[in-house]
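The block underneath contains the structure these notes are about, expressed in structure tokens.
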Amino acid sequence: MHMRTNCRSHRQGLCLKMVQPFGPLHCSTNQKLQQSLREERRRSHQLHQQLRDQKTITEELVQLYLHREDELNLKCQESVALPQEQIAKESFLQESRDREVRVDQRIRQMCRQLSEKEPPQTQLQDDVTLLKQAVNQLHQQLRDQKTITEELVQLYLQREEELNLKCQESVEGAADPTLGDTVLEQLERKVRFKDLQGLEKRVQALQQELISKEGFLQESRDREVRVDQRFREMCQQLCEKENSQTQLQNNVTSLKQAVNQLHLHLKDQQDQCQQNEARLKDQYEQNEARLKDKYEQNEARLKDKYEQNEARLRDECQQIDARLKKKEEYIRLLKRDMTERENLFRSQFLLHNKKVEKQRVECGDPRVQLQQEQQLTLNLKGELHGLREAERSEQHKTPRLLLKWLHGGDCSAASLTHSVSVAVKPLP
Numbered sequence: 001m002h003m004r005t006n007c008r009s010h011r012q013g014l015c016l017k018m019v020q021p022f023g024p025l026h027c028s029t030n031q032k033l034q035q036s037l038r039e040e041r042r043r044s045h046q047l048h049q050q051l052r053d054q055k056t057i058t059e060e061l062v063q064l065y066l067h068r069e070d071e072l073n074l075k076c077q078e079s080v081a082l083p084q085e086q087i088a089k090e091s092f093l094q095e096s097r098d099r100e101v102r103v104d105q106r107i108r109q110m111c112r113q114l115s116e117k118e119p120p121q122t123q124l125q126d127d128v129t130l131l132k133q134a135v136n137q138l139h140q141q142l143r144d145q146k147t148i149t150e151e152l153v154q155l156y157l158q159r160e161e162e163l164n165l166k167c168q169e170s171v172e173g174a175a176d177p178t179l180g181d182t183v184l185e186q187l188e189r190k191v192r193f194k195d196l197q198g199l200e201k202r203v204q205a206l207q208q209e210l211i212s213k214e215g216f217l218q219e220s221r222d223r224e225v226r227v228d229q230r231f232r233e234m235c236q237q238l239c240e241k242e243n244s245q246t247q248l249q250n251n252v253t254s255l256k257q258a259v260n261q262l263h264l265h266l267k268d269q270q271d272q273c274q275q276n277e278a279r280l281k282d283q284y285e286q287n288e289a290r291l292k293d294k295y296e297q298n299e300a301r302l303k304d305k306y307e308q309n310e311a312r313l314r315d316e317c318q319q320i321d322a323r324l325k326k327k328e329e330y331i332r333l334l335k336r337d338m339t340e341r342e343n344l345f346r347s348q349f350l351l352h353n354k355k356v357e358k359q360r361v362e363c364g365d366p367r368v369q370l371q372q373e374q375q376l377t378l379n380l381k382g383e384l385h386g387l388r389e390a391e392r393s394e395q396h397k398t399p400r401l402l403l404k405w406l407h408g409g410d411c412s413a414a415s416l417t418h419s420v421s422v423a424v425k426p427l428p
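Each residue of the sequence shown is one higher than the one before, starting from 1 at the first, in full-length UniProt numbering.
Take a look at the structure:
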């Protein structure tokens, strides 16, 4: 006989309930079991994830404490080494000593240079005097040359005026028609005109020479001014050097005093640095011991906490595995019980069919047969109603059994078989 499988879980092959001949059973129990299995698996996955997270956190803490230990070791090495402040003070002391040596060398060098420059100072003054005398002689020569040039210019100017007067007289004589120019006068006039042109050129050349000599005279005056200025500067520098030598001696004396004070100050600083070093060393040893104890305590606490978490998670995983095994056993028993019920239903259905056939053969009257069939139909309807009532009662009882089993009830095969047989009554 064809059995209807309207349940989607039946079509997918996931339903654990068997199909009755007169209609499909609801799969609410199977769905609840599957849902509980999924929840347990999800919870197991969450617990495993928590275990992995806890392990990761523990590893990170271990790495953090290892990093902290490395930092403490570095600080220990730095504290054992010479402090930076003491190094800086020693370097400053060495620089001050080097500076003092350089100042002494510079003072000796300047004194030697001054002693070497003292003899040539007289020679320099003699050179300046000779230079002044040469400049004065040059000025005198220039003045004499200028006087001669001026006299020549006056002479040429007088000569030019005379020539101009003669030219004017000759021009006036030429303009007079009563006077006759002889050939000799014309020649004399031409000669005078040429002499006049030559004199003009000579005057221009003398003027150019005078201008150049005046420029040379101005340059010599400027040179004399520069020589005087240079001489004054050299005298001033010599005075400044004498003053600077005295000031340098005073500075050397003050520097020596400052260096002595600095030596004393550095000695005090060195003593203070040694005291600070000893104090810092003691403080570092105390801090190192305290941090080491704290690190050991934290490490022990973390180790205990990690072991506790690991044991707790292991117990929870074992409990979950035990629950899953119980549920699998329950499902297996439920499958076996459903198979037995299906076989029972089939045998009862075949027996009922045989009864019906037998009654049909025995009854010959159609009216009696019709009444029997109506009675049989009523009986079948009653049986169907009883099956539906049994199904409803099973829907109410089976979840209670599952809840009882989930909370640690009796999960034996006999108890499960008895519960199922009570929940589903067989056909008469």
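Note that beta-carbon positions come from the ideal geometry of N, C-alpha and C, so glycine has one too.
Beyond the five residues adjoining it in sequence on each side, Glu357 comes within less than 8 Å, by CB distance, of no other residue in the same chain. Taking all protein chains shown into account, Phe216 has fewer than 16 neighbouring C-beta atoms within 10 Å of its C-beta and is therefore exposed.
Per the coordinates, the alpha-carbon of Asp144 lies some 51 Å from the alpha-carbon of Gln247. In this structure, Leu72 lies away from Leu266, with their beta-carbon atoms at least 7 Å apart.
For Gln50 against Leu302, the beta-carbon gap comes to about 17 Å, at or over 8 Å, which does not count as contact.
If you draw a straight line from the Cα of Thr56 to the Cα of Val62, it comes to about 10 Å. In terms of Cβ geometry, Asn298 and Gln54 do not form a close pair [threshold 7 Å].
For the set Gln137, Lys241, Gln207, the Cα lying nearest the Cα of Glu151 is the one of Gln207. Taking C-beta atoms under 8 Å as the contact rule, Glu40 and Arg323 qualify, at a distance of about 6 Å. With a 10 Å radius around the Cβ and a threshold of 16 neighbouring Cβ atoms, Leu74 comes out exposed. Taking 7 Å as the cut-off, the Cβ atoms of Leu47 and Glu328 do not count as close.
Sixteen is the threshold: since fewer than 16 other Cβ atoms of the shown chains lie within 10 Å of the Cβ of Leu66, the residue is exposed. The criterion of a C-beta distance shorter than 7 Å is satisfied by Ile320 and Ser44. Contact between Gln359 and Gln374 does not hold, since the beta-carbon distance rounds to 12 Å and is not under 8 Å. Cβ atoms of Glu69 and Tyr295 come within 8 Å of each other, at about 7 Å. A straight-line Cα-Cα distance of about 24 Å links Cys239 and Arg223. The alpha-carbon separation between His385 and Gln318 amounts to approximately 46 Å.
When rounded, the separation of the alpha-carbon atoms in Lys381 and Gln348 is 16 Å. Rounded to whole angstroms, Glu242 and Asn251 show a C-alpha spacing of 14 Å.
Val203 and Gln141 have their C-alpha atoms some 21 Å from each other. A buried status is given to Leu334, since no fewer than 16 other beta-carbon atoms sit within 10 Å of its beta-carbon. With respect to the C-alpha of Arg106, the residue from Gln249, Leu157, Gln275, Leu378 having the closest C-alpha is Gln249. Each residue's CA atom was taken as its position, placing His352 and Arg42 some 48 Å apart. Taking C-alpha positions only, Cys273 is separated from Arg108 by approximately 36 Å. Of all alpha-carbon atoms in Ile148, Arg112, Arg392, Glu342, the one lying nearest the alpha-carbon of Gln245 is that of Arg112.
Here the alpha carbon of Arg97 sits roughly 25 Å from the alpha carbon of Glu277.
Of the candidates Ile148, Gln133, Leu280, the residue whose Cα lies closest to the Cα of Leu210 is Ile148. With fewer than 16 neighbouring CB atoms inside 10 Å of its own CB, Leu378 falls in the exposed class.
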